[in-house]
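>
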Amino acid sequence: MHMDWRSKRVTIVPCTALGDVTIYLRLAWLFHVAGAHVRFVARALHPAREYFDWLQVEPGHDVDLLALAAQSDLLISYVNWLGDDAAHVARVLEVGNIAFVTAKKLPSALGIDGREVRVGEQLIPGASRALCLRSRDGRSMVQWVDEYGASVYGLRSDEPVALHCPVICPDASRRVVIFPTTPQEKKNYSPAGFRWLAHRLRRQGWLVEFVGMPHEREVLSGQYPGVPVHAFADVRGLMDFLATCSVVVSNDSGGGHLGSLMGLRSFTITRKNARFVWRPGFNELNHVLAPMASFKLAGRYVWRPFIPVWRIPRQLGRAR
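Counting the sequence shown from 1 gives a position; this note's numbering is that position plus 121.
Dropping the structure here:
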């Protein structure tokens with residue numbers, strides 16, 4: 122697809138989860154590099170808007186797709202912003218310059234998978250689709266965004282997403298941050314395993330600290346006594362802290378994606394396989410720890426005892 126994106130007004134409306142927001146940021150960056158003026162409607166990212174000076178970040182308290190489409194040459198929206206009101210959905214679907222995307226599967230009832238989008242006088246086929254077409258082919262979500270940008274819009278760039286974060290502190294090279302929780306408990310690695318990891322890394326000279334959600338802080342402080350536990354009101358506070366770290370350890374969580382975006386070395390613990398599509402993928406410094414075995418007991422998968430968490434201190438060695 123050959124199109125001049127210079128000075129085109131492109132608006133992107135991602136879903137709300139932090140990990141997903143970072144993935145959509147990659148798409149915004151591809152359009153920016155191509156010369157488009159990009160708006161990014163994301164409440165989660167708005168507090169850190171100063172760190173993305175190439176991007177117009179807006180809070181998105183009320184997402185009005187019709188208004189955004191009228192102000193844009195192209196609007197790319199997470200499909201769930203359509204809502205549930207049938208009459209409203211019908212009106213939005215009549216607008217030709219909106220492409221709807223999701224991670225893996227668009228709702229079949231909408232009948233929009235593969236739908237074209239109109240930008241000015243040009244029709245772009247296949248703009249409405251899942252970003253990831255084949256979750257088992259080994260690509261990360263960042264790579265799938267690159268594929269979507271290239272195959273649909275003709276966008277290509279090897280440049281990393283530009284960030285203007287605070288200056289890192291002198292201890293950054295030896296600080297490890299652990300994100301021990303996710304919104305889904307079944308994805309969480311065991312507190313006992315994380316306590317062992319923290320103890321082992323501290324013996325090797327690393328500064329280990331934990332980060333959770335504000336409502337989790339008290340519980341996490343009880344689970345990890347003697348280790349600093351942080352919680353941040355917004356993503357700017359989290360980014361300021363991550364700028365003082367060099368390694369992030371996480372379950373399948375937004376913290377790992379954000380750390381990867383910021384250039385940190387990351388270790389991701391998953392109950393899936395080592396090449397699962399949602400692993401952090403903004404740099405080459407990610408290592409995935411998948412269970413070496415698992416089995417089903419009383420309807421639940423047993424996987425946590427088989428995570429080779431010892432590989433993290435082995436790979437990091439002694440702090441310098």
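Idealized CB from N, CA, C, for every residue including glycine.
If you run the structure through DSSP and keep just helix, strand and coil, what is K308?
Here the question's residue 308 lines up with position 187 in the sequence shown. Helix, per DSSP.
> In this structure, how does DSSP classify Q192 when only helix, strand and coil are distinguished?
For the purposes of this step, residue 192 is taken as the residue at position 71 of the sequence shown. Coil, per DSSP.
> So Q264 is in the alpha helix (DSSP H); what residue range does that whole segment cover?
Position 143 of the sequence shown, counted from the start, is the residue given in the question as residue 264. 262-274 is the span of the alpha helix (DSSP H), which, as asked, contains Q264.
> Got a sec? Which residues, its chain only, sit under 7 angstroms from D258 by beta carbon, not counting five neighbours each side?
Position 137 of the sequence shown, counted from the start, is the residue given in the question as residue 258. Answer for D258: no residue qualifies.
> Return the first residue and the last residue of the beta strand (DSSP E) that Q325 is part of.
The sequence position of residue 325 within the sequence shown is 204, counting from 1. First-last for Q325: undefined, no H or E at that position.
> Compare the beta carbon distance of L195 and N218 with 7 angstroms and say whether it is the shorter of the two.
Residue 195 sits at position 74 when you count from the first residue of the sequence shown. Residue 218 sits at position 97 when you count from the first residue of the sequence shown. Yes, Cβ-Cβ distance for L195 and N218 is below 7 angstroms.
> Using the Cβ count rule (16 or more neighbours within 10 Å means buried), how would you classify P401?
For this step, residue 401 is matched to residue 280 along the sequence shown. When all chains shown are included, P401 counts as buried.
> Can you list, in chain order, the residues of its chain whose CB lies under 6 angstroms from that of G140, leaving out five sequence neighbours each side?
By 1-based counting over the sequence shown, the position of residue 140 is 19. So the qualifying residues of the chain are G375, H378.
> Excluding five sequence neighbours on each side, which residues of the same chain lie with their C-beta closer than 8 angstroms to the C-beta of R277?
Here the question's residue 277 lines up with position 156 in the sequence shown. Sequence-distant partners of R277 (beyond 5 residues in either direction) whose C-beta falls short of 8 angstroms from its own C-beta, in its chain, are L151, D267, G270, A271.
> In terms of alpha-carbon separation, which member of K417, F362, H123, L244 lies closest to P291?
Position 170 of the sequence shown, counted from the start, is the residue given in the question as residue 291. Comparing Cα-Cα distances from P291 to each of K417, F362, H123, L244, the minimum goes to F362.
> Between L359 and M334, what straight-line distance do the alpha-carbon atoms span, to the nearest angstrom?
Position 238 of the sequence shown, counted from the first residue, corresponds to residue 359. Position 213 of the sequence shown, counted from the first residue, corresponds to residue 334. If I take the Cα positions, the gap works out to 10 angstroms.
> Compare the Cα-Cα distances from L385 to each of T391, D373, W399, F403 and report the closest residue.
Taking the first residue of the sequence shown as position 1, residue 385 is located at position 264. Considering only alpha carbons, the answer is F403.
> So what's N372 in DSSP terms, helix, strand or just coil?
Residue 372 sits at position 251 when you count from the first residue of the sequence shown. The answer is coil: DSSP assigns N372 none of H, G, I, E or B.
> Who pairs with R249 in a beta bridge, going by DSSP?
As a working note, residue 249 is residue 128 in the sequence shown. A small fix is needed here, since residue 249 is Ser in this sequence, not Arg. According to DSSP, which records beta bridges pairwise, S249 is partnered with nothing at all.
> My output table needs one value for D144: the three-state DSSP class, helix, strand or coil.
For the purposes of this step, residue 144 is taken as residue 23 along the sequence shown, with counting starting at 1. It is worth fixing the name first, because residue 144 is Ile in this sequence and not Asp. Helix at I144.
> Can you name the start and end residues of the beta strand (DSSP E) that F388 belongs to?
The count along the sequence shown starts at 1 and reaches residue 388 at position 267. Residues 386-390.
> Where DSSP assigns a beta bridge to L418, which residues make up the other side?
As a first step, residue 418 is located in the sequence shown; it is residue number 297 there, counting from the start. Answer is R421.
> Exposed or buried, what is Y199 when buried is set at 16 or more other beta-carbons lying within 10 Å of its beta-carbon?
In the sequence shown, counting from the first residue as 1, residue 199 sits at position 78. Looking at its Cβ environment, which holds 16 or more other Cβ atoms inside 10 Å, Y199 is buried.
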